[in-house]
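Please read the structure below before turning to the comments.
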Amino acid sequence: MKKTIKIGDLTCLCSTPVSNSKIAYILYPMDILNDWIESAAEKYGATIVVITGMDWQNVFSPWEAPGVPKGDPDFKGESPEFLKLLQENVIPVIENSLHIADNPERNLVGVSMSGLFALWQWMECDTFRSIASLSGSFWYEGFINWMEKIKIPPKSGMGFFLLGDKESKSNVREFNTVGVNTDTIVSLLKSAGIKVVFRSVPGNHFSDAVPRLEMAFNALYSSSYQN
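And the structure:
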């Protein structure tokens, strides 16, 4: 049976704990996924937790940057604080409540700005074994330069990336770099020896939420990537 856990401003919708050793966290509006997580947990053999209630614009921005589109509020760069909140509060509370074993296989799925956050935190720590970034906001100012300068750490898991084929044709000029930047990120990770899957799919930024999540989970929980 699904369970809802409130942690401060966050609401965490948890599937029935089908596994105490595999857990997937999704940073995504849960009203879209409310009817999906139970069947998905059974299908993929992993307990699923959808987290919402975040200040989307700011907790997923890794550093301060001008607002996009021009005239929007600037990004505050609160990802370091949000990552600490996940590590020190959210994850322990959820996993204790669901009776998850110590050191489970954790995976993280993000969409748009939370897809940017998913990759950023993966470069910073090993809290999550694998990540999926769906339509990640890789147009974010300074992100490609940061990726090109850092020493990419080794990873035992894999990265899944997906982008709609219309996303680089946005009316917002800043968004039009997302295709080239995603390609660059995939190449950088592969060059560092990390397992990567990339899918270009029909549609724009908001198309086919559940089918795209299914693609991500099929990749993350494929036997080809279970070591």
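Quick note: the numbering used here has the sequence shown finishing at residue 308, numbered continuously throughout.
We put the CB at the ideal spot given by N, CA and C, even for glycine.
Treat the numbers as computed from the prediction; the structure is a model and nothing was measured.
Margin query: Output needed for G191: all residues of its chain with C-beta closer than 6 Å, excluding positions within five of it in sequence on either side, in chain order.
Written below: Numbered from its first residue, the sequence shown carries residue 191 at position 110. So the qualifying residues of the chain are L108, F198, A199 and S214.
Checklist line | Cβ-Cβ distance between W201 and V259 below 7 Å | finding: Taking the sequence shown and counting its residues from 1, the one referred to as residue 201 is at position 120. Taking the sequence shown and counting its residues from 1, the one referred to as residue 259 is at position 178. Not closer than 7 Å, so no.
Check: In terms of residue numbering, what span does the beta strand (DSSP E) encompassing L243 cover?
Finding: As a first step, residue 243 must be located in the sequence shown, where it is residue number 162. It spans M239 to G245 - the beta strand (DSSP E) in which L243 sits, taken as one unbroken run.
Next item on the list: Kindly indicate which residue of A290, A297, W144 and N299 has the alpha-carbon position closest to the one of L114.
Entry: Sequence index remark: in the sequence shown, residue 114 carries index 33 (1-based). Checking every option, the nearest Cα to that of L114 belongs to A290.
Check: Can you give the beta carbon distance from K103 to A127, rounded, assuming they're within the 8 Å contact cut?
Finding: Within the sequence shown, numbered from 1, the residue matching residue 103 stands at position 22. Within the sequence shown, numbered from 1, the residue matching residue 127 stands at position 46. Correct: roughly 4 Å between the Cβ atoms.
Notebook entry, point to check: Any idea what DSSP makes of L197, helix, strand or coil?
Noted result: Locating residue 197 in the sequence shown gives position 116, counting from the first residue. Three-state result, L197: helix.
Notebook entry, point to check: Can you tell which of G245, V261 and I118 has its C-alpha closest to the C-alpha of S193?
Noted result: Position 112 of the sequence shown, counted from the start, is the residue given in the question as residue 193. Comparing Cα-Cα distances from S193 to each of G245, V261 and I118, the minimum goes to G245.
Next item on the list: Tell whether a beta-carbon distance below 7 Å holds between L164 and G134.
Entry: Position 83 of the sequence shown, counted from the first residue, corresponds to residue 164. Position 53 of the sequence shown, counted from the first residue, corresponds to residue 134. No, the pair does not count as a contact, with Cβ atoms beyond the cut-off.
Next item on the list: On a CA-only basis, which of W144, S100, W137 and N139 is nearest E123? Give me that one, please.
Entry: Within the sequence shown, residue 123 is the residue found at index 42, counting from 1. Among W144, S100, W137 and N139, the Cα nearest to that of E123 is on S100.
Check: Looking at the structure shown, is V149 part of a helix, part of a strand, or coil, going by DSSP?
Finding: Position 68 of the sequence shown holds residue 149. DSSP places V149 in coil when its eight states are reduced to three.
Note to self: Taking 7 Å as the limit between beta carbons, can you name the residues of its chain near K157, skipping five residues before and five after?
What the structure shows: On the sequence shown, residue 157 is found 76 positions in, with the first residue counted as 1. Excluding positions up to five away in sequence, the list reads N139, S142 and E145.
Item checked: Beta-carbon contacts of Q168 that lie in its chain and below 8 Å, excluding the five residues immediately before and after -> For this step, residue 168 is matched to residue 87 along the sequence shown. Once the five neighbours on either side are set aside, the close Cβ partners of Q168 are C206 and T208.
Item checked: Presumed contact (8 Å Cβ cut-off) between A172 and L189, rounded CB distance -> Residue mapping note: residue 172 aligns to position 91 of the sequence shown, counting from 1. Residue mapping note: residue 189 aligns to position 108 of the sequence shown, counting from 1. The amino acid occupying residue 172 in the given sequence is Ile; Ala does not appear at that position. About 10 Å separates the two Cβ atoms, so there is no contact after all.
Margin query: Measuring only the C-alpha atoms, how far is D153 from P147?
Written below: Counting from one through the sequence shown, the residue named residue 153 turns up at place 72. Counting from one through the sequence shown, the residue named residue 147 turns up at place 66. Going by the C-alpha atoms only, they are around 8 Å apart.
Notebook entry, point to check: Assuming I225 and M204 make a contact with CB atoms under 8 Å, what is their CB distance in whole Å?
Noted result: Residue 225 sits at position 144 when you count from the first residue of the sequence shown. Residue 204 sits at position 123 when you count from the first residue of the sequence shown. Contact doesn't hold; Cβ gap of about 13 Å is too wide.
Next item on the list: Please name the residue or residues paired with F279 in a DSSP beta bridge.
Entry: As a position in the sequence shown, residue 279 is number 198, starting the count at 1. Answer is F242.
Next item on the list: Just confirm the distance between the C-beta atoms of I86 and I175, as a whole number of angstroms; I'd bet it's less than 8 Å.
Entry: Against the sequence shown, residue 86 aligns to sequence position 5. Against the sequence shown, residue 175 aligns to sequence position 94. The pair is a contact, with the Cβ atoms about 6 Å apart (cut-off 8 Å).
Next item on the list: Give me the Cα-Cα distance between L269 and G196, rounded to the nearest whole angstrom.
Entry: Taking the sequence shown and counting its residues from 1, one reaches residue 269 at position 188. Taking the sequence shown and counting its residues from 1, one reaches residue 196 at position 115. If you take the alpha carbons of L269 and G196, they lie about 17 Å apart.
Notebook entry, point to check: Smallest Cα separation from S281: which of G89, F242 and N184?
Noted result: Position 200 of the sequence shown holds residue 281. Comparing Cα positions, the closest option is F242.
Note to self: Within 10 Å of its beta-carbon, does C93 have 16 or more other beta-carbons around it, so buried, or fewer, so exposed?
What the structure shows: Position 12 of the sequence shown holds residue 93. With 16 or more other Cβ atoms within 10 Å, it is buried.
Margin query: If I follow the unbroken beta strand (DSSP E) through K87, where does it start and stop?
Written below: Translated into positions along the sequence shown, residue 87 becomes position 6. Start and end: K84 to I88.
Check: If you drop the 5 nearest sequence neighbours on each side, which residues of the same chain put their C-beta closer than 8 Å to that of P235?
Finding: Translated into the one-based positions of the sequence shown, residue 235 becomes position 154. Once the five neighbours on either side are set aside, the close Cβ partners of P235 are A273, G274 and I275.
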